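Residues in the sequence shown are numbered consecutively from 276, following this note's numbering.
In this text, a Cβ means the ideal position worked out from N, Cα and C, and glycines have one as well.
Owing to the predicted nature of the structure, the values given are computational and were not obtained by experimental measurement.
Presented below is the structure to which this report refers.
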Amino acid sequence: MGGTEQDSGFPRLHRMGEAGLLVEFGDHLSMAVNAATLAFRAAVEAAAWDGVEESATSLKSVFLRFDPVRLSHDALEAALKDLLRSRDWYGVPLPHGRKLWRVPTVFGGDHGPQLEEAASMARLSPDDAVAQISRTPVRVLTIGFSPGMPYLGRLPEMFDIPRKTELNPHVPAGGLALAIRQLVLFPVGTQTGWRWIGRAAIDVFGQQAEQPFPLTAGDEILFQPVTASAFEDAWAGVEAGRMVASCEALP
């Protein structure tokens, strides 16, 4: 199980009520901890234990919901402990089937009014901040808060900037916001304490789409800068139900 996580007593098992178990891989986010959660959840799904009805990942843990009539806490805990001992989860590859998305994105101006503020906190010019962000493939660490909403990371250390102390009253669908070396991409207009730096031409919760949630935890995204007019054209396609972002399989 390896490294400082094992030294700190991770992974840890927690009972969550009468029908849930949580496997926690760390007490803070790192790319290795997140990768362990993704790989372990994939292994649980592949095991297909009778009585496990659902699994999901957060930034650093895996939750399992099970039927306690068909599968006891003790039996599931024993199976999980055996699986945890079977390999070093902090060193295994990410699961197969991941995708790399290339998403047309406008930064700054009316579509990202806090780009300059965020860049200044990172001690960069706005142009340099956009260059750093747009050449960094960010992993979909988890999906949550709102349907389909990805938490993306991690960005270089200079972007370890705090959330705002007050709320942005409204960031629109597609809004790209930054804090704590992560990006979030909003499926619908919402309030947020994250700094709004751009807008991306992808619908992460297509309610009428054949595949409502195109992104999966473990996927990666490259936000490709475009002009405001090019973004408006791309966003018109999004509103018409088209997938204007491209994707390719990751190894």
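query: Helix, strand or coil for T312 per DSSP?
result: helix
field: Contacts around Q482, its chain only, beta-carbon distance under 6 Å, and the 5 residues preceding and following it disregarded
entry: none
message: Just to confirm the assignment: which complete beta strand (DSSP E) runs, minimum length 3, are found wholly within the region 322-400?
response: 327-332, 336-341 and 374-382
- prompt: Is the beta carbon of A397 less than 8 Å from the beta carbon of A406?
  reply: no
query: Nearest-angstrom Cα distance between I477 and V501?
result: 14 Å
query: Which value, in whole angstroms, describes the spacing of the CA atoms of M518 and I496?
result: 14 Å
- request: May I ask you to verify whether the region 299-306 touches the region 346-360, counting CB pairs closer than 8 Å and requiring at least 3?
  value: no
- request: Report all residues from its chain with a CB closer than 8 Å to the CB of G419; omit the five preceding and five following residues, and keep chain order.
  value: S333 and Y426
- prompt: In whole angstroms, what is the alpha-carbon distance linking G468 and R438?
  reply: 5 Å
- request: Please report how far the alpha carbon of W324 lies from the alpha carbon of P388, in whole angstroms.
  value: 49 Å
- request: Give every residue of the same chain whose Cβ lies closer than 8 Å to the Cβ of G383, excluding the five residues on either side of it in the sequence, and list them in chain order.
  value: L390, E391, P401, V405, I472 and G473
Alpha-carbon to alpha-carbon, A311 and E352: 18 Å
query: Using the rule of at least 16 other Cβ atoms within 10 Å of the residue's Cβ for burial, across every protein chain shown, is E523 buried or exposed?
result: exposed
- request: With DSSP collapsed to three states, give me the class of Q482.
  value: coil
message: I need the boundaries of the alpha helix (DSSP H) containing S421, first residue and last residue.
response: Element bounds for S421: n/a, residue is neither H nor E.
query: With 16 other CB atoms within 10 Å as the buried threshold, where does M291 fall?
result: exposed
query: Would T465 be called buried (16 or more neighbouring beta carbons within 10 Å of its own) or exposed?
result: buried
field: Exposure label - L442; buried when at least 16 CB within 10 Å
entry: exposed
task: Mark Q486 as exposed unless 16 or more other C-beta atoms lie within 10 angstroms of its C-beta, in which case mark it buried.
output: exposed
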